[in-house]
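Asker: Numbering of the sequence shown is given in full-length UniProt numbering, commencing with residue 1 and proceeding in unit increments.
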Amino acid sequence: MCGIVGAVAERNVTPILIEGLKRLEYRGYDSAGVALIDERDGLHRCRRAGKVSELQAALAAAPLAGRLGIAHTRWATHGAPTEANAHPHFSGHELAVVHNGIIENHEALREQLKAKGYVFTSQTDTEVIVHLLAEKLKGTGDLAAALKQAVKELHGAYGLAVISTRQPDRLLAARSGSPLVIGLGLGENFLASDQLALRQVTDRFVYLEEGDIAEIQRDRLTIWDVDGQSVEREQVQYHEGAEAADKGAYRHFMLKEIFEQPDVVQRTLEGRLANDHVLVQAFGPQAAELFARVRNVQIVACGTSYHAGMVARYWLEDLAGIPCQIEVASEFRYRKVVVQPGTLFVSISQSGETADTLAALRNARADGGYLASLALCNVGTSSLVRESDLTLLTQAGPEIGVASTKAFTTQLVGLLLLTLALGQVRGKLDNALRIELVEELRRLPARLGEALAMDRTIEKISELFAEKHHTLFLGRGAQYPVAMEGALKLKEISYIHAEAYPAGELKHGPLALVDADMPVVTVAPNNELLEKLKSNLQEVRARGGELIVFADEQAGLENGEGTHVVNMPHIHDILAPILYTLPLQLLSYHVAVLRGTDVDQPRNLAKSVTVE
Ligand code: G6P
Numbered sequence: 001m002c003g004i005v006g007a008v009a010e011r012n013v014t015p016i017l018i019e020g021l022k023r024l025e026y027r028g029y030d031s032a033g034v035a036l037i038d039e040r041d042g043l044h045r046c047r048r049a050g051k052v053s054e055l056q057a058a059l060a061a062a063p064l065a066g067r068l069g070i071a072h073t074r075w076a077t078h079g080a081p082t083e084a085n086a087h088p089h090f091s092g093h094e095l096a097v098v099h100n101g102i103i104e105n106h107e108a109l110r111e112q113l114k115a116k117g118y119v120f121t122s123q124t125d126t127e128v129i130v131h132l133l134a135e136k137l138k139g140t141g142d143l144a145a146a147l148k149q150a151v152k153e154l155h156g157a158y159g160l161a162v163i164s165t166r167q168p169d170r171l172l173a174a175r176s177g178s179p180l181v182i183g184l185g186l187g188e189n190f191l192a193s194d195q196l197a198l199r200q201v202t203d204r205f206v207y208l209e210e211g212d213i214a215e216i217q218r219d220r221l222t223i224w225d226v227d228g229q230s231v232e233r234e235q236v237q238y239h240e241g242a243e244a245a246d247k248g249a250y251r252h253f254m255l256k257e258i259f260e261q262p263d264v265v266q267r268t269l270e271g272r273l274a275n276d277h278v279l280v281q282a283f284g285p286q287a288a289e290l291f292a293r294v295r296n297v298q299i300v301a302c303g304t305s306y307h308a309g310m311v312a313r314y315w316l317e318d319l320a321g322i323p324c325q326i327e328v329a330s331e332f333r334y335r336k337v338v339v340q341p342g343t344l345f346v347s348i349s350q351s352g353e354t355a356d357t358l359a360a361l362r363n364a365r366a367d368g369g370y371l372a373s374l375a376l377c378n379v380g381t382s383s384l385v386r387e388s389d390l391t392l393l394t395q396a397g398p399e400i401g402v403a404s405t406k407a408f409t410t411q412l413v414g415l416l417l418l419t420l421a422l423g424q425v426r427g428k429l430d431n432a433l434r435i436e437l438v439e440e441l442r443r444l445p446a447r448l449g450e451a452l453a454m455d456r457t458i459e460k461i462s463e464l465f466a467e468k469h470h471t472l473f474l475g476r477g478a479q480y481p482v483a484m485e486g487a488l489k490l491k492e493i494s495y496i497h498a499e500a501y502p503a504g505e506l507k508h509g510p511l512a513l514v515d516a517d518m519p520v521v522t523v524a525p526n527n528e529l530l531e532k533l534k535s536n537l538q539e540v541r542a543r544g545g546e547l548i549v550f551a552d553e554q555a556g557l558e559n560g561e562g563t564h565v566v567n568m569p570h571i572h573d574i575l576a577p578i579l580y581t582l583p584l585q586l587l588s589y590h591v592a593v594l595r596g597t598d599v600d601q602p603r604n605l606a607k608s609v610t611v612e
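1) What do you get for L605, buried or exposed, if any count of 16 or more other CB atoms within 10 angstroms of its CB means buried?
2) Measuring CB to CB, does A9 end up less than 8 angstroms from R220?
3) Can you tell me where the alpha helix (DSSP H) holding G414 begins and where it ends?
4) When the Cβ atoms of the stretch 557-569 are set against those of the stretch 415-431, are three or more pairs found closer than 8 angstroms?
5) Going by C-alpha to C-alpha distance, which of L584, G303, P525, L172 sits closest to Q411?
6) Which term fits D169, buried or exposed, when burial requires 16 or more other beta carbons within 10 angstroms of its beta carbon?
7) What three-state label does DSSP hand M568 in the structure shown?
8) Taking the continuous alpha helix (DSSP H) assigned at D263, which residues delimit it?
9) Assign L186 to one of three DSSP states: helix, strand, or coil.
10) On the DSSP bridge list, what partners appear for T82?
11) Beta-carbon within less than 7 angstroms of K593's beta-carbon, same chain only, minus the 5 sequence neighbours each way: which residues are those?
12) Quick check: T405 and E257, are their CB atoms within less than 8 angstroms of each other?
13) Out of I458, P262, G380, D142, which has the shortest C-alpha to C-alpha gap to L448?
14) Near N378, what residues of its chain come up, given a Cβ to Cβ distance below 6 angstroms and the 5 sequence neighbours on each side ignored?
15) Can you name the start and end residues of the beta strand (DSSP E) that H89 belongs to?
16) Can you tell me where the alpha helix (DSSP H) with N431 in it begins and where it stops?
17) Measure the alpha-carbon distance for G556 versus Q281 and round it to whole angstroms.
18) Where A7 and L68 are concerned, what is the direct C-alpha to C-alpha distance, given to the nearest angstrom?
19) Regarding S608 and ligand 1, is the C-beta to nearest heavy atom distance less than 7 angstroms?
20) Measuring only the C-alpha atoms, how far is residue 626 from L452?
21) Please confirm whether any heavy atom of ligand 1 lies closer than 7 angstroms to the CB of C46.
22) So is A242 buried or exposed if we call it buried at 16+ other beta carbons inside 10 Å?
23) Should T381 be counted as a contact of ligand 1 given a C-beta to heavy atom distance under 7 angstroms?
24) Measuring only the C-alpha atoms, how far is T597 from H590?
25) Would I213 and L147 qualify as a contact pair, given that the criterion is a beta-carbon distance under 8 angstroms?
26) Quick check: the Cα distance between I16 and E25, rounded to an integer number of angstroms?
27) In angstroms, rounded to a whole number, what distance separates the CA positions of A503 and R476?
28) Which residue marks the beginning of the alpha helix (DSSP H) containing A115, and which one marks its end?
29) If distances are taken between C-alpha atoms only, which option among T409, L584, T391 comes closest to I493?
30) Mapping DSSP to helix, strand and coil, what is N604?
31) Can you round the beta-carbon distance between Q298 and T343 to whole angstroms, since I take them to be within the 8 angstroms contact cut?
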């Protein structure tokens with residue numbers, strides 16, 4: 001994922017920009033660049049394919065200095081990861097732009113601008129922005145006014161930073177679908193796509209909102225909202241302790257990571273949604289062309305990531321009409337697989353280093369029969385990402401707790417984006433449903449926040465499990481993998497034996513185990529399987545089993561003798577697996593705390609299994 005850093009100061013800002021880029025490296029990128037304005041001899045840049053360290057080496061050999069500058073790490077979407085495609089992009093020698101996101105109408109804009117005489121030197125969508133701005137600047141002479149006019153013509157998603165020799169005292173920024181934050185200093189100000197990049201220079205931040213345009217000077221900040229009105233945005237003070245490698249106010253990393261989910265889901269969506277559809281290019285330069293040829297999907301993963309893939313199978317077949325197979329990597333890698341023509345190989349991994357998943361990918365590539373490989377991963381620099389044709393990075397940030405939580409929900413979000421993208425490209429997804437789901441995705445972080453607000457209720461319920469040795473988790477449809485993930489969490493961190501079943505299988509065996517000592521946990525959104533699920537619950541109650549049901553508030557389920565109902569906020573059925581995961585995570589967490597286990601580092605388990 002791309003990163004932006006900018007600065008306007010009275011000192012040379014090059015070291016600030018480079019340090020900022022380094023702090024964004026974890027997001028994954030394939031080229032880097034910086035542009036500076038030196039009041040005496042104008043605009044200069046340095047760009048390199050590869051790592052920030054290569055850019056640094058180039059700058060050490062031929063230093064650039066200036067009091068105004070922008071910098072970027074690029075993750076290629078339009079055009080290969082070459083120096084010519086790296087940002088900043090220039091128009092003439094007076095204007096420079098860095099851009100996160102995707103401009104969908106870049107081809108049409110490119111033709112218009114070429115007709116006006118602008119010469120393009122890259123294959124990127126970003127270069128149209130800088131020439132469009134140059135065109136507007138001719139008319140207005142003012143950078144802010146030009147930017148306001150230019151963004152009206154851009155379709156897609158962007159976070160932009162702009163500098164010009166015409167007004168070498170200001171840095172301009174625009175946000176739509178891709179985050180930007182302004183860092184406030186004393187007599188100097190900064191800009192970045194993530195406040196993490198600026199932590200070394202300030203602890204005061206102003207977050208831009210959708211549609212905002214900002215003019216940042218050394219000692220002045222002006223922001224206009226989407227309607228062009230001048231607005232004040234709240235200043236936020238960053239407190240030590242919000243650091244990823246720090247538990248902050250939380251007792252365990254796992255709890256902190258559970259509570260980060262609204263935020264990291266939001267980040268995973270950023271830059272990937274246009275008004276009413278998913279931006280297919282977010283999956284890589286060749287994605288649109290490749291997706292059109294996908295006839296089948298093979299998913300491979302381990303552990304929690306495998307459960308995410310299981311949910312995706314329901315989505316892919318239901319929404320995109322694509323047959324999907326899923327298998328744990330340790331099995332897949334050792335058997336002869338018949339590859340259907342047009343199969344997209346999808347690997348899912350938080351770390352991108354899991355030995356079995358990596359081996360499965362390597363086998364698939366060696367087989368040669370797959371259309372392409374796509375990695376859904378949380379670590380941009382991982383082996384899995386490097387060895388795959390396409391990548392979608394989840395933005396969960398570092399996950400410290402061994403039991404995966406925020407990585408799982410961001411994987412689900414990524415897989416839903418993939419499903420919608422495939423459905424769109426293949427014309428299989430109903431328009432009204434697509435628009436509805438994009439809306440629901442935008443609302444998802446807030447809904448996750450509502451689910452987390454039930455923490456106290458769930459903590460109380462966890463007492464029912466403290467002395468138990470066995471539990472059963474039930475779900476139907478796409479909630480079956482959610483039940484599996486709930487059972488995995490409980491066994492990993494509380495050491496209580498937990499098994500998950502599709503609720504319809506209850507009477508084919510596990511019902512024999514049910515008695516007052518075996519709590520049965522069920523996830524019950526309000527879908528067409530609800531009535532069937534209610535009958536399954538009766539089967540448990542009839543055997544004296546204690547029921548804990550997480551149910552849609554409209555499902556009509558009520559507390560009763562031996563039945564504990566936790567009402568969940570109503571949500572679109574397709575997104576329910578993401579929401580219903582949260583109470584199960586909280587339940588496991590509180591049970592583990594009650595039992596006094598090592599929540600963040602459960603016995604015998606490792607965060608990343610890099611050996612067989
Ligand atoms: C280990 C971890 C799990 C994780 C699995 C797959 O077992 O303890 O939390 O789900 O590996 O890891 P990956 O990094 O490939 O998602």
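Even glycine gets a Cβ: it sits at the ideal position worked out from N, Cα and C.
Computed from a predicted model, the values in this text were never measured in an experiment.
Answerer: Per the coordinate set shown:
1) Within the sequence shown, numbered from 1, the residue matching residue 605 stands at position 605. When all chains shown are included, L605 counts as exposed.
2) For the purposes of this step, residue 9 is identified with residue 9 of the sequence shown, where counting begins at 1. For the purposes of this step, residue 220 is identified with residue 220 of the sequence shown, where counting begins at 1. In this structure, A9 keeps its C-beta atom at 8 angstroms or more from the C-beta atom of R220.
3) Indexing the sequence shown from 1 puts residue 414 at position 414. It spans 406-425 - the alpha helix (DSSP H) in which G414 sits, taken as one unbroken run.
4) The stretch 557-569 makes no contact with the stretch 415-431; the number of CB pairs closer than 8 angstroms stays below 3.
5) Position 411 of the sequence shown, counting from 1, holds the residue named residue 411. Nearest option by C-alpha distance: G303.
6) By one-based count along the sequence shown, residue 169 stands at place 169. With a threshold of 16 other beta carbon atoms within 10 Å, D169 falls short and is exposed.
7) Reading the sequence shown from its first residue, position 568 is the one you call residue 568. The DSSP-derived three-state label of M568 is strand.
8) Residue mapping note: residue 263 aligns to position 263 of the sequence shown, counting from 1. Counting along the chain, the alpha helix (DSSP H) containing D263 begins and ends at 261-269.
9) One-based indexing of the sequence shown puts residue 186 at position 186. Correct three-state label for L186: coil.
10) Within the sequence shown, numbered from 1, the residue matching residue 82 stands at position 82. Per DSSP, none; premise fails for T82.
11) As a first step, residue 593 must be located in the sequence shown, where it is residue number 593. According to the sequence shown, residue 593 is Val rather than Lys. Excluding positions up to five away in sequence, the list reads V599.
12) Taking the sequence shown and counting its residues from 1, one reaches residue 405 at position 405. Taking the sequence shown and counting its residues from 1, one reaches residue 257 at position 257. E257 is positioned such that its CB atom lies closer than 8 angstroms to that of T405.
13) By 1-based counting over the sequence shown, the position of residue 448 is 448. For L448, the nearest C-alpha among the options comes from P262.
14) Here residue 378 refers to the residue found at position 378 of the sequence shown. These residues qualify, in order along the chain: Q350, T394, A396, A407.
15) Numbered from 1 along the sequence shown, position 89 holds the residue referred to as residue 89. Annotation for H89: the continuous beta strand (DSSP E) segment containing it runs 89-91.
16) Within the sequence shown, numbered from 1, the residue matching residue 431 stands at position 431. N431 -> alpha helix (DSSP H) spans 431-452.
17) Looking up residue 556 in the sequence shown gives position 556. Looking up residue 281 in the sequence shown gives position 281. Rounded to the nearest angstrom, the two C-alpha atoms are 42 angstroms apart.
18) Numbered from 1 along the sequence shown, position 7 holds the residue referred to as residue 7. Numbered from 1 along the sequence shown, position 68 holds the residue referred to as residue 68. Looking at the two C-alpha atoms, the distance is approximately 6 angstroms.
19) Translated into positions along the sequence shown, residue 608 becomes position 608. Of the heavy atoms belonging to ligand 1, at least one sits nearer than 7 angstroms to the Cβ of S608.
20) Because residue 626 is not part of the residues shown, which for the chain are 1 to 612, the question remains open.
21) Against the sequence shown, residue 46 aligns to sequence position 46. No; taking the cut-off as 7 angstroms, the Cβ of C46 has no heavy atom of ligand 1 nearer than that.
22) Here residue 242 refers to the residue found at position 242 of the sequence shown. The predicted model places A242 with a pLDDT of 48, which falls under 50 and marks its position as unreliable; any figure quoted below should be read in that light. Exposed: under 16 other Cβ atoms inside 10 Å.
23) One-based indexing of the sequence shown puts residue 381 at position 381. T381: no, Cβ never under 7 angstroms from ligand 1.
24) Here residue 597 is taken as the residue at index 597 of the sequence shown, counted from 1. Here residue 590 is taken as the residue at index 590 of the sequence shown, counted from 1. Cα-Cα distance, rounded: 10 angstroms.
25) Your numbering for residue 213 matches position 213 in the sequence shown. Your numbering for residue 147 matches position 147 in the sequence shown. Contact check for I213 against L147 passes: the beta carbons are separated by less than 8 angstroms.
26) Residue numbering aside, residue 16 sits at position 16 when the sequence shown is read from its first letter. Residue numbering aside, residue 25 sits at position 25 when the sequence shown is read from its first letter. Just so you know, the alpha carbons of I16 and E25 end up roughly 14 angstroms apart.
27) Translated into the one-based positions of the sequence shown, residue 503 becomes position 503. Translated into the one-based positions of the sequence shown, residue 476 becomes position 476. Per the coordinates, the alpha-carbon of A503 lies some 6 angstroms from the alpha-carbon of R476.
28) Along the sequence shown, one-based indexing puts residue 115 at 115. Unbroken alpha helix (DSSP H) run through A115: 106-115.
29) Mapped onto the sequence shown, residue 493 falls at position 493. With distances taken between Cα atoms, I493 lies closest to L584.
30) Mapped onto the sequence shown, residue 604 falls at position 604. Residue state, collapsed to three classes: coil.
31) For the purposes of this step, residue 298 is taken as residue 298 along the sequence shown, with counting starting at 1. For the purposes of this step, residue 343 is taken as residue 343 along the sequence shown, with counting starting at 1. Sure, about 5 angstroms apart at Cβ, within 8 angstroms.
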